[in-house]
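Visitor:
Residue numbers (my numbering): 19 to 482.
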């Protein structure tokens, strides 16, 4: 086994700086010259981390902050300097606690820092103020060295898929430092535009993509075939022919997606045209669990053949549902990928609430969830059940029944049936509902609240 798998992030960085220091680790956009990039080697990054660690250590000591204290980090997590700060705080002997700046409001930031017993907080002064959230139910997953080692090993094995390039593997980053993901190329927009993707492939050597399924879905800019159509269109980029072999290699080998599935139509089209898409079923709590069965469209998945996963699929019984039999995925108690105890059910297993249809070859196709959670367009989970509950709780004098929907949409929408005794206009009722929901909305992600009248619909009373 590679000895570096046993190293923590600091020891690994130092090891790479000594043994592969000249390798390019980052390509940073040149702010003075468009379409130009500045390389940062492993050794240069390690030196920058050490320099920043010395500065931070001096500052923290001057404030009387003892070593091994938790330091909160309130920043977006995408700029290069944010990574330098994060690793440098750890290098200085402190524990960085990252908080997504676009997610949380001042009240919950203070509460989280108190729970973590943080002694200081680092804020990016050039970023905008935090958004309005004060009590979002984030999944709390303690991060251990064992968890990171096992997760990273499984992810790279799955993403590389035994396909090696003669050049360095270069991934397209889809998240930020405040979530667990690969640290590689950051597009300026999400999803990246055609121009950006061409530049990343031709100039920066992009040869692997692991992204959300919705980023590959049909869009106008991709001629209705998603990003995969690039390899066949032969589009010119600024008058220059796109490197077709590079693009072909990318889409035949390096396309992985997760979080949200693509449509069956797009999936079948890609499979029929030789686009090597691989669907990855993964969870924040456990990492990668299942992936595409070779030789089939990407939606047909199967548990990874690894000793770290022990699972079963339990049938879910619906007596009045004529659809195919569905099964819930359950990670068993003897699995090495088992989450922390507070996430387990009474039987000691992890019940995912994800439902699948079993195929004749023992592959599985995802069929949604067995609870009130949905996935938004960018793959973020949203508890629509809590929206409905809060509407009935705070607007019971206005609303008789309601339902929140929005699977794979940018944000949820709310449909309400009003009490027949109301005499005010629908527009006035919408305004009143939004007023009642204000405190609830500021406790949620921006994309998970009902804050716009255009997403609130009044429907006629059902005939009973």
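The C-beta atom is built at its ideal place from N, Cα and C for all residues, glycine as well.
The beta strand (DSSP E) with residue 307 in it runs from where to where?
Guide: Start and end: 305-310.
Visitor: Quick check on residue 447: does DSSP put it in helix, strand or coil?
Guide: It is helical.
Visitor: Using a Cβ-Cβ cut-off of 7 Å (strictly less than) and excluding sequence neighbours within five positions of residue 318, which residues of its own chain qualify?
Guide: 310, 311, 377, 381 and 383.
Visitor: Between which residues of its own chain and residue 87 is the CB-CB distance below 6 Å, once the five residues before and five after are set aside?
Guide: 112 and 137, listed in sequence order.
Visitor: Which residues bound the alpha helix (DSSP H) around residue 60?
Guide: Counting along the chain, the alpha helix (DSSP H) containing residue 60 begins and ends at 60-80.
Visitor: Roughly how many angstroms separate the alpha carbons of residue 434 and residue 359, rounded to a whole number?
Guide: Near 38 Å, if we compare the C-alpha coordinates of residue 359 and residue 434.
Visitor: Report buried or exposed for residue 367, applying the criterion of at least 16 other Cβ atoms within 10 angstroms of its Cβ.
Guide: The residue in question, residue 367, is buried, as its Cβ has 16 or more Cβ neighbours within 10 Å.
Visitor: Per DSSP, what kind of secondary structure is residue 400 in: helix, strand or coil?
Guide: In the structure shown, residue 400 sits in a strand (DSSP, three-state: E or B).
Visitor: Quick check on this structure: which residue in 61, 379 and 102 has the alpha carbon closest to the alpha carbon of residue 34?
Guide: Answer by Cα proximity: 61.
Visitor: Give the C-beta separation of residue 116 and residue 91 to the nearest angstrom, bearing in mind that I take them to be a contact with Cβ-Cβ under 8 Å.
Guide: The Cβ separation is near 5 Å, so the contact holds.
Visitor: Whose C-beta lies closer than 7 Å to the C-beta of residue 47 among residues of the same chain, with five residues either side of it excluded?
Guide: For residue 47, where only same-chain residues beyond five positions count, the Cβ hits under 7 Å are 55.
Visitor: Determine the contact status of residue 431 and residue 473, defining contact as a CB-CB distance below 8 Å.
Guide: It is a contact, given that the beta carbons lie within the stated cut-off.
Visitor: Looking at the secondary structure, which residues open and close the beta strand (DSSP E) in which residue 413 lies?
Guide: Looking at the DSSP string, residue 413 is not in any beta strand (DSSP E), and its letter there is neither H nor E.
Visitor: Suppose you measure from the CA of residue 491 to the CA of residue 83; what does that come to, to the nearest Å?
Guide: Because the chain is modelled from 19 through 482, residue 491 falls outside the range shown and cannot be assessed.
Visitor: Please check the pair residue 400 and residue 451, which I expect to be a contact at CB under 8 Å, by giving their CB distance rounded to whole angstroms.
Guide: Contact flag wrong, Cβ pair sits at about 18 Å.
Visitor: Does any residue of chain B bring its CB to less than 8 Å from the CB of residue 135?
Guide: Protein chain content of the structure displayed is limited to a single chain, and chain B is not contained in it.
Visitor: Give me the DSSP bridge partner(s) of residue 479.
Guide: DSSP, once it has assigned bridges, lists no residue as partnering residue 479.
Visitor: Distance check for residue 41 and residue 68, CA to CA, integer angstroms please.
Guide: Their backbone Cα atoms lie some 18 Å apart in a straight line.
Visitor: Applying the criterion that 16 or more other CB atoms from any shown protein chain within 10 Å of the CB defines a buried residue, is residue 330 buried or exposed?
Guide: Label assigned to residue 330: exposed.
Visitor: How would you write the range of the alpha helix (DSSP H) that residue 288 sits in, first residue to last?
Guide: Start and end: 282-290.
Visitor: At the level of alpha carbons, what is the spacing between residue 221 and residue 98?
Guide: Approximately 19 Å, taken between the alpha carbons.
Visitor: Which residue comes first and which comes last in the alpha helix (DSSP H) that contains residue 108?
Guide: Taken as a continuous stretch (DSSP letters only), the alpha helix (DSSP H) holding residue 108 covers 98-109.
Visitor: Strictly by DSSP, which residues pair up with residue 278?
Guide: Bridge partners of residue 278: none, in fact.
Visitor: Which residues in the same chain have their Cβ closer than 6 Å to the Cβ of residue 422, if we skip the five residues on either side of it in sequence?
Guide: So the list reads 402, 405, 406, 430 and 432, once near-sequence residues are dropped.
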